[in-house]
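Visitor: Right, I'll just put the structure down here and ask away after.
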Amino acid sequence: MSTSDFPARAAQRLKVSFEFSPPRTEAAERTLWETITRLAPLQPTFFSVTYGAGGSTRQRTHETVTRLKKETGIDAAAHLTCVAATRGEIDEIARAYWDSGIRHIVALRGDPPSGMGGNYCPHPGGYINAAALVGGLKKIGDFQISVAAYPEKHPDSADAQADLDNLKRKVDAGADRCITQFFFEADDFLRFRDAAAAANVTVPIVPGIMPVSNFQGITRMAGLCGSKVPSWLAEMFDGLDDDVETRRMIAATVAGDLCRRLQSEGVDQFHFYTLNRADLTFATCHLLGVRRHDAR
């Protein structure tokens, strides 16, 4: 058996990035910064910070992103949506990021103020969709721009082709990278990657990975965002409602297996939805061979 059978020993270093949500309380802020302190030594290519439904976390997102950049020195990306704001208001936010030294934006259509699953309606005088937002941002500054992609189709898209056409419009408008919604079947991502390549989407498509230990929570989230939860995953968590430690071990194993399968198919970048917790993301990265920079 050769060392190539063990991805954690591979010489090639994977690129990883981590997503956080802005904290709502002092306790949540302490937890977030404990998480950042643990994950920063893995040298991610960037951190990203989410933007609440309807722009509800606008100020906290800005504060978290700028603090991340200042205190870690790692590229920090601010999520920005089209929801509940005019073009002028969004442009002003983007200019404030530019003036604060933030050069990376995750440009999204966004969820309606009622949250995921609600009916989306463009704001009068606002950007109509993410492609328009990308174009607007490129007029303000030479931002690096990441956009969302959906291996299993966005719930609001008529079909997979319409969804792919929308992705192509975002890339044509200037997006530099596509980050996918979370998924659990590697084949879903690989089929999507092939379809995007056939549609001449030439920028990197980075799989979004959600290590899951709260199965009920992920089932609710998946139902809202169009991701399917396979029956084999449900079986893995069956009977473990009161067994937190076993759930977490299974979560790390499932995420690690998914990433290693994708790695074997040439994927070398992963974006982790951390839920502001370090342990599962850190464990998955370790399985993949991503080590602390100061490790020997």
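Residues in the sequence shown are numbered consecutively from 62, following the working numbering. Where a beta carbon is used, it is the ideal one built from N, C-alpha and C, also for glycine.
#1: For Lys131 versus Asp329, is the C-beta distance shorter than 8 Å?
#2: So, Arg308 versus Phe298, is the Cβ gap smaller than 8 Å?
#3: Which of helix, strand or coil does DSSP assign to Arg70?
#4: When DSSP labels each residue in this structure, what does Ala316 get in the three-state scheme?
#5: Are at least three pairs of beta-carbons, each pair with one atom in the stretch 196 to 210 and one in the stretch 227 to 242, less than 8 Å apart?
#6: Quick check for students: name the residue ranges of the alpha helix (DSSP H) that lie wholly in the stretch 77 to 118, counting only runs of 4 or more.
#7: Glu213: buried (16+ other C-beta within 10 angstroms of its C-beta) or exposed?
#8: Which residues in the same chain have their Cβ closer than 7 Å to the Cβ of Phe250, if we skip the five residues on either side of it in sequence?
#9: Considering only the alpha carbon of each residue, which of Gly149, Phe107, Tyr188 lies closest to Ala139?
#10: Let me make sure I understand the geometry here. Which of Ala316, Asn275, His165 has the alpha-carbon closest to that of Ala247?
#11: Asp220: buried (16+ other C-beta within 10 angstroms of its C-beta) or exposed?
#12: Would Ala101 and Leu141 be called neighbours here (beta carbons separated by less than 8 Å)?
#13: I'd like to know if the stretch 224 to 233 and the stretch 185 to 196 are in contact, where contact means that at least 3 CB-CB pairs between them fall below 8 Å.
#14: Spatial neighbours of Ala339 within its chain, please: CB distance less than 6 Å, with the 5 preceding and 5 following residues excluded, ordered by chain position.
#15: For Ser207, which three-state DSSP category applies?
Guide: Judging by the given coordinates:
#1: As a working mapping, residue 131 is identified with position 70 in the sequence shown. As a working mapping, residue 329 is identified with position 268 in the sequence shown. Cβ distance not < 8 Å, so Lys131 and Asp329 don't count as in contact.
#2: For the purposes of this step, residue 308 is taken as the residue at position 247 of the sequence shown. For the purposes of this step, residue 298 is taken as the residue at position 237 of the sequence shown. Cβ atoms of Arg308 and Phe298: closer than 8 Å.
#3: Numbered from its first residue, the sequence shown carries residue 70 at position 9. Any answer about Arg70 is weak, because its pLDDT of 45 lies below 50 and its placement is not dependable; what the coordinates show is given next. Helix, per DSSP.
#4: The residue labelled residue 316 in the question sits at position 255 within the sequence shown. Three-state result, Ala316: helix.
#5: yes
#6: 87 to 100
#7: As a working mapping, residue 213 is identified with position 152 in the sequence shown. Buried, since its Cβ has 16 or more Cβ neighbours within 10 Å.
#8: Counting from 1 along the sequence shown, the entry for residue 250 is found at position 189. If we look at Phe250 and ignore the five residues flanking it on each side, its Cβ neighbours are Pro212, Thr241, Phe244, Pro268, Leu323.
#9: Sequence index remark: in the sequence shown, residue 139 carries index 78 (1-based). Of the candidates Gly149, Phe107, Tyr188, the one whose C-alpha sits nearest the C-alpha of Ala139 is Phe107.
#10: Locating residue 247 in the sequence shown gives position 186, where the first residue counts as 1. Taking only the C-alpha atoms, the option nearest Ala247 is Ala316.
#11: As a working mapping, residue 220 is identified with position 159 in the sequence shown. Classification of Asp220: exposed, given that the 10 Å Cβ count is below 16.
#12: Against the sequence shown, residue 101 aligns to sequence position 40. Against the sequence shown, residue 141 aligns to sequence position 80. It is not a contact, given that the beta carbons lie outside the stated cut-off.
#13: yes
#14: Position 278 of the sequence shown, counted from the first residue, corresponds to residue 339. Excluding residues within five positions, the ones whose Cβ falls inside 6 Å are Thr96, Arg99, Leu100.
#15: For the purposes of this step, residue 207 is taken as the residue at position 146 of the sequence shown. Three-state result, Ser207: strand.
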